[in-house]
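Engineer:
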Amino acid sequence: MAKSKFEYVRCFETDDTCLRNCYIVVRLDGRNFHKFAEQHKFTKPNDNRALGLMTRSARSVMEELEDVVIAYGQSDEFSFVFKRSTTWFKRRASKLMTHVTSQFSSSYVFYWKEFFGEQPLLYPPGFDGRVVLYPSNRNLRDYLSWRQADCHINNLYNTVFWTLVQKGGLTTAQAEERLKRTLAAEKNEILFSEFSINYNTEALLHRKGTALIWEKTEETITKRMKLPNEEEEKDVNVTRSRKRVQAHHCDIIGETFWEEHPDILEDDG
Ligand code: DGT
Ligand code: MG
Ligand code: MG
Ligand code: MG
Ligand code: MG
Numbered sequence: 033m034a035k036s037k038f039e040y041v042r043c044f045e046t047d048d049t050c051l052r053n054c055y056i057v058v059r060l061d062g063r064n065f066h067k068f069a070e071q072h073k074f075t076k077p078n079d080n081r082a083l084g085l086m087t088r089s090a091r092s093v094m095e096e097l098e099d100v101v102i103a104y105g106q107s108d109e110f111s112f113v114f115k116r117s118t119t120w121f122k123r124r125a126s127k128l129m130t131h132v133t134s135q136f137s138s139s140y141v142f143y144w145k146e147f148f149g150e151q152p153l154l155y156p157p158g159f160d161g162r163v164v165l166y167p168s169n170r171n172l173r174d175y176l177s178w179r180q181a182d183c184h185i186n187n188l189y190n191t192v193f194w195t196l197v198q199k200g201g202l203t204t205a206q207a208e209e210r211l212k213r214t215l216a217a218e219k220n221e222i223l224f225s226e227f228s229i230n231y232n233t234e235a236l237l238h239r240k241g242t243a244l245i246w247e248k249t250e251e252t253i254t255k256r257m258k259l260p261n262e263e264e265e266k267d268v269n270v271t272r273s274r275k276r277v278q279a280h281h282c283d284i285i286g287e288t289f290w291e292e293h294p295d296i297l298e299d300d301g
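Residues in the sequence shown are numbered from 33 upward in steps of one, following UniProt numbering.
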């Protein structure tokens, strides 16, 4: 095809190919969700409808895009890890990041009703995205551990804070003052001694966040078909193995999760 004289403008595009062998992580985060949560009356400290919608949208990202091996989410954020050998979109950072973020954003709106029913979506939510590369399994696991530790720290704080307000009758200012410079052990102690709440038995979804991974499942379906040597069609059970996105609300910092799911990471080296 003949080139127009305008073709040279392509040369102004920057090369944002992600370094080979690295895991490509795209993390997205809700824009100004402090306000979004207020306006949509999210329950405090955790709103299961909102968390469910985040996870549903992340599932859509994994199902519609290629090569995401694990996704981890908490609060208004989700991280998507592309396998280190992916060649999807020639590893172009902007393509990967924008596809993840737009697929997630449109899904968030598309599935809103499934989680919030008749409560209307008051305005179009937005999400920012960023790309980070991790060259080793250790670095990638430390990244995911960092996000899960963040989930734990925030959830412990928010749980005590809102318990002091909702059950203890403190104002938000008083609760904030009460929690200033307290360590984790002291927060656990407030919950336990004043409200008989054992933090360690609080919902795993809230304490650990959500990890989505691909898992093989055996699926048995009934098919109507004609067998050889038989005249009539018959119902036959057929078992096939399918890969499905499964949600886990568990510790991903320690070894156990990774030992139980050895296919998520590729060997270093
Ligand atoms: P940003 O990300 O800089 O645009 O600003 P925000 O406001 O999104 O800040 P961020 O992402 O650091 O914090 C997430 C906010 O979302 C935080 O204010 C609490 C809110 N949020 C997230 N999940 C829930 C929930 O389940 N319930 C309630 N009530 N609020 C939530
Ligand atoms: Mg922020
Ligand atoms: Mg946010
Ligand atoms: Mg956030
Ligand atoms: Mg196009």
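Yeah, the Cβ is synthetic: ideal placement off N, Cα and C, and Gly gets one too.
At a threshold of 7 Å, does R162 count as lining ligand 7 (C-beta to nearest heavy atom)?
Structural biologist: Absence of ligand 7 from the depicted structure is noted, with ligand 1, ligand 2, ligand 3, ligand 4 and ligand 5 being the only ligands included.
Engineer: Taking 7 Å as the cut-off, is the beta-carbon of L83 closer than that to any non-hydrogen atom of ligand 1?
Structural biologist: One-based indexing of the sequence shown puts residue 83 at position 51. Yes.
Engineer: Count the CB pairs spanning the stretch 57–73 and the stretch 148–157 that are closer than 8 Å, and state whether there are at least three.
Structural biologist: The answer is yes - the stretch 148–157 touches the stretch 57–73, with three or more Cβ pairs under 8 Å.
Engineer: N187 by DSSP, collapsed to three states: which one?
Structural biologist: In the sequence shown, counting from the first residue as 1, residue 187 sits at position 155. In this structure, N187 counts as helix in the three-state DSSP scheme.
Engineer: Which word fits T242, buried or exposed, when buried means at least 16 other C-beta atoms lie within 10 angstroms of its C-beta?
Structural biologist: If you number the sequence shown from 1, residue 242 lands on position 210. Classification of T242: buried, given that the 10 Å Cβ count is 16 or more.
Engineer: What are the boundary residues of the beta strand (DSSP E) that I56 is part of?
Structural biologist: The count along the sequence shown starts at 1 and reaches residue 56 at position 24. Unbroken beta strand (DSSP E) run through I56: 55–62.
Engineer: When every heavy atom of ligand 4 is checked, does at least one fall within less than 7 Å of the C-beta of G158?
Structural biologist: As a first step, residue 158 must be located in the sequence shown, where it is residue number 126. Incorrect: G158 has no Cβ contact closer than 7 Å to ligand 4.
Engineer: Excluding the five sequence neighbours on either side, which residues of its own chain have a C-beta within less than 6 Å of the C-beta of T195, listed in chain order?
Structural biologist: As a working mapping, residue 195 is identified with position 163 in the sequence shown. Answer for T195: F227, listed in chain order.
Engineer: Fully enclosed by the stretch 97–182, which alpha helix (DSSP H) runs are 4 residues long or longer?
Structural biologist: Listed in chain order, the complete alpha helix (DSSP H) runs (minimum 4 residues) inside the stretch 97–182 are 125–142, 144–148.
Engineer: May I ask whether a heavy atom of ligand 3 can be found less than 7 Å away from the beta carbon of F142?
Structural biologist: Taking the first residue of the sequence shown as 1, we reach residue 142 at position 110. No, ligand 3 has no heavy atom inside 7 Å of this Cβ.
Engineer: Among all residues, which have a Cβ less than 7 Å from at least one non-hydrogen atom of ligand 4, and in what chain order do they fall?
Structural biologist: The filter returns D61, G62, F65, S107, D108, E109, in chain order.
Engineer: Between the Cα of L165 and those of K255, L223, R123, H238, spot the shortest distance and give me the residue it belongs to.
Structural biologist: One-based indexing of the sequence shown puts residue 165 at position 133. For L165, the nearest C-alpha among the options comes from R123.
Engineer: Would you mind stating whether C183 and L236 have Cβ atoms separated by less than 8 Å?
Structural biologist: Taking the first residue of the sequence shown as 1, we reach residue 183 at position 151. Taking the first residue of the sequence shown as 1, we reach residue 236 at position 204. Not closer than 8 Å, so no.
Engineer: Under 8 Å: do the stretch 133–149 and the stretch 83–97 share three or more Cβ pairs, one atom per stretch?
Structural biologist: They touch, by the three-pair rule.
Engineer: L244 and V268: beta carbons closer than 8 Å?
Structural biologist: If you number the sequence shown from 1, residue 244 lands on position 212. If you number the sequence shown from 1, residue 268 lands on position 236. Not in contact: L244 and V268 (Cβ atoms no closer than 8 Å).
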